[in-house]
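Going by numbering that gives the first Met the number 0, the residue at position 349 of the sequence shown is 348; the numbering climbs one at a time, nothing skipped. Contents: one structure, followed by commentary.
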Amino acid sequence: MLPVLSDTLYVESDYCPGASESPLSASERRRLLLQYGTQSSAYFSFQPGVQYFGSAQRGFVSYCPLGWLQGGADVVFNNPVCADENLAPLLDHFLATRSRPVIFVGIEDKVAQFLAHLGYRTNEMGTEFSFPLEGFSVRGKHKKQLRHAANLGERFGLRVEERRASQMDIDEVEAISRRWLKQKAVRRGELRLLTRPPQHRDEWLSRRFYCFQGERLLGYIYFDPYFSQGGVAGYCANILRSAPGTGPAGLLDYTLLQAIEQFRREGVARLSLGIAPLHGLQAAPGENPMLRRIGEWLYRHGSGLYAFAPLAYHKTRYRGEESKWYLAYKNLSAPRLLWSLMAGAGVLGP
Numbered sequence: 000m001l002p003v004l005s006d007t008l009y010v011e012s013d014y015c016p017g018a019s020e021s022p023l024s025a026s027e028r029r030r031l032l033l034q035y036g037t038q039s040s041a042y043f044s045f046q047p048g049v050q051y052f053g054s055a056q057r058g059f060v061s062y063c064p065l066g067w068l069q070g071g072a073d074v075v076f077n078n079p080v081c082a083d084e085n086l087a088p089l090l091d092h093f094l095a096t097r098s099r100p101v102i103f104v105g106i107e108d109k110v111a112q113f114l115a116h117l118g119y120r121t122n123e124m125g126t127e128f129s130f131p132l133e134g135f136s137v138r139g140k141h142k143k144q145l146r147h148a149a150n151l152g153e154r155f156g157l158r159v160e161e162r163r164a165s166q167m168d169i170d171e172v173e174a175i176s177r178r179w180l181k182q183k184a185v186r187r188g189e190l191r192l193l194t195r196p197p198q199h200r201d202e203w204l205s206r207r208f209y210c211f212q213g214e215r216l217l218g219y220i221y222f223d224p225y226f227s228q229g230g231v232a233g234y235c236a237n238i239l240r241s242a243p244g245t246g247p248a249g250l251l252d253y254t255l256l257q258a259i260e261q262f263r264r265e266g267v268a269r270l271s272l273g274i275a276p277l278h279g280l281q282a283a284p285g286e287n288p289m290l291r292r293i294g295e296w297l298y299r300h301g302s303g304l305y306a307f308a309p310l311a312y313h314k315t316r317y318r319g320e321e322s323k324w325y326l327a328y329k330n331l332s333a334p335r336l337l338w339s340l341m342a343g344a345g346v347l348g349p
């Protein structure tokens, strides 16, 4: 775990203030995140449109309010940021103040188990892939593609540099992002909640690695930190972008491998590749079987909405550890639940 020495590289986004037990400043949220933001998606709390419930003493819940014809819902998209002993009272208080359904998505097992005791149905919703950096290598027959990517720098004259966003030409960076989005299955804009939309500006403790060929920018990866007891425990590879049709295949893997080497030199413990939604769904106690079957069908046939299977394949090539994430809900029909999740994630558009 690395100590946090400075928070000077942070620009607060235009977050909605939300309804809270007591006002939570940005600095208080950062302090709580440093102590209790152990989930690899904890930093995703810092994105536009998010509201917060909690206090500096107890911790906070991040959620996105959604409105629609039947009254809407509040979507909680990661673990509450709090000490374990505060999980139950924080969630009890949060749920007691809600006047409409609450959907939890992207939560870990401990939160899902607590919600199950409150009568929530819990289903697996995907698999996170992560691995310790100590001992990571590209050796082995299953990592042939990664070994190929590791040699791209020498073969194609690539170099990877870590820079601040303010050191880059923002027009060039955003142009790559726009071109990348146009060739994806989801073409309505940036996804959110289970990922964090890119902020092309300096942010507190977020890291950015850019891949160049000569002076030409080919792609980049943004890493968001997660924490334990006041220090950085690891990074999540959140935003990966490359300009379609330029540079060799595998340049983002090359960029990621170069970043891994830098993190390892610094003593960073872990790297998360994030979640592969709907990957490896299995029956779970208290689940809705129909919802799981819908998820399995979407994983196989829903590429028009999202590249579920290709994304999972990319993550499995690193042979990391797999952890299940869950969704939890009650008093909602399957269609309303699915609509809320897709709308909240941005699959249905802005």
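Note that beta-carbon positions come from the ideal geometry of N, C-alpha and C, so glycine has one too.
Which word fits residue i, buried or exposed, when buried means at least 16 other C-beta atoms lie within 10 angstroms of its C-beta?
{"i": "D252", "result": "buried"}
{"i": "L340", "result": "buried"}
{"i": "G58", "result": "buried"}
{"i": "K109", "result": "exposed"}
{"i": "S5", "result": "Bear in mind that a pLDDT of 39 at S5, under 50, signals an unreliable position, so the number given afterwards is only what the model happens to contain. So S5 ends up on the exposed side."}
{"i": "T96", "result": "exposed"}
{"i": "D73", "result": "buried"}
{"i": "E392", "result": "Lying before the first or after the last residue shown, residue 392 is absent from the chain, which here runs from 0 to 349."}
{"i": "A342", "result": "buried"}
{"i": "A333", "result": "exposed"}
{"i": "W293", "result": "First, the residue type needs correcting, since residue 293 is Ile and not Trp in the sequence shown. So I293 ends up on the buried side."}
{"i": "D13", "result": "Because D13 sits at a pLDDT of 37, beneath the cut-off of 50, its placement in the model cannot be relied upon, and the following sentence gives the value as read from the coordinates. Burial call: exposed."}
{"i": "G36", "result": "buried"}
{"i": "A111", "result": "buried"}
{"i": "T7", "result": "Here T7 scores only 36 on pLDDT, less than 50, and its place in the model should not be relied on; the value that follows carries that caveat. With fewer than 16 Cβ atoms within 10 Å of its Cβ, T7 is classed as exposed."}
{"i": "A87", "result": "exposed"}
{"i": "Y312", "result": "exposed"}
{"i": "I102", "result": "buried"}
Do residue j and residue i have their beta-carbon atoms positioned less than 8 Å apart in this structure?
{"i": "G105", "j": "L277", "result": "no"}
{"i": "L270", "j": "Y234", "result": "yes"}
{"i": "R163", "j": "D201", "result": "yes"}
{"i": "L151", "j": "L250", "result": "yes"}
{"i": "R318", "j": "H141", "result": "yes"}
{"i": "S44", "j": "V80", "result": "yes"}
{"i": "T254", "j": "V159", "result": "yes"}
{"i": "L331", "j": "P100", "result": "yes"}
{"i": "G66", "j": "G156", "result": "no"}
{"i": "R178", "j": "P243", "result": "yes"}
{"i": "K314", "j": "L272", "result": "yes"}
{"i": "F93", "j": "F52", "result": "yes"}
{"i": "A344", "j": "L310", "result": "no"}
{"i": "P197", "j": "S176", "result": "yes"}
{"i": "P64", "j": "G70", "result": "no"}
{"i": "L90", "j": "F113", "result": "yes"}
{"i": "Y298", "j": "A308", "result": "yes"}
On a Cα-Cα basis, can you pick out the residue from the options that is closest to residue i?
{"i": "G230", "options": "E27, A268, Y209 and F43", "result": "A268"}
{"i": "S61", "options": "G70, A72 and A41", "result": "A41"}
{"i": "A55", "options": "S24, M167 and L304", "result": "S24"}
{"i": "E161", "options": "G134, D170 and S205", "result": "S205"}
{"i": "P224", "options": "P197, L32 and A174", "result": "L32"}
{"i": "E107", "options": "A333, Q228, L216 and Q38", "result": "Q38"}
{"i": "L132", "options": "A342, C210 and A258", "result": "A258"}
{"i": "Q281", "options": "S322, S302, I102 and G303", "result": "S322"}
{"i": "A174", "options": "R154, H199 and T194", "result": "H199"}
{"i": "V137", "options": "R316, S26 and Q112", "result": "R316"}
{"i": "E295", "options": "R154, E153 and E123", "result": "E123"}
{"i": "Q46", "options": "E27, T194, F307 and K143", "result": "T194"}
{"i": "A82", "options": "S302, R299 and S227", "result": "S227"}
{"i": "M237", "options": "R215, L216 and F208", "result": "One detail in the question is off: residue 237 reads as Asn in this sequence, not Met. Of the candidates R215, L216 and F208, the one whose C-alpha sits nearest the C-alpha of N237 is F208."}
{"i": "M167", "options": "R215, E153, G139 and K183", "result": "R215"}
{"i": "G303", "options": "F211, W338 and K183", "result": "K183"}
Just checking: is the beta-carbon of residue i within a distance shorter than 8 Å of some beta-carbon in chain D?
{"i": "A174", "result": "Here there is only one protein chain, and chain D is not present."}
(request) Indicate whether the contact test is met: 3 or more Cβ pairs, each with one atom in the stretch 113 to 132 and one in the stretch 215 to 225, closer than 8 Å. (result) no
(message) With three or more beta-carbon pairs closer than 8 Å as the criterion, would you say the stretch 280 to 289 touches the stretch 111 to 123?
(response) yes
(message) I'd like to know if the stretch 322 to 329 and the stretch 257 to 264 are in contact, where contact means that at least 3 CB-CB pairs between them fall below 8 Å.
(response) With fewer than three CB-CB distances shorter than 8 Å, the stretch 322 to 329 does not count as touching the stretch 257 to 264.
(message) For the pair the stretch 188 to 198 and the stretch 138 to 150, tell me if three or more CB-CB distances fall below 8 Å.
(response) no
(request) Only counting runs of 4 or more residues, tell me where the alpha helix (DSSP H) segments fall wholly within the stretch 166 to 246, in order along the chain. (result) 169 to 181
(request) For the stretch 77 to 129, list the alpha helix (DSSP H) runs that are entirely contained and at least 4 residues long, ordered along the chain. (result) Complete alpha helix (DSSP H) runs here, min 4: 86 to 95 and 108 to 116.
(message) At 4 residues or longer, what runs of the alpha helix (DSSP H) sit wholly inside the stretch 290 to 326?
(response) 307 to 315
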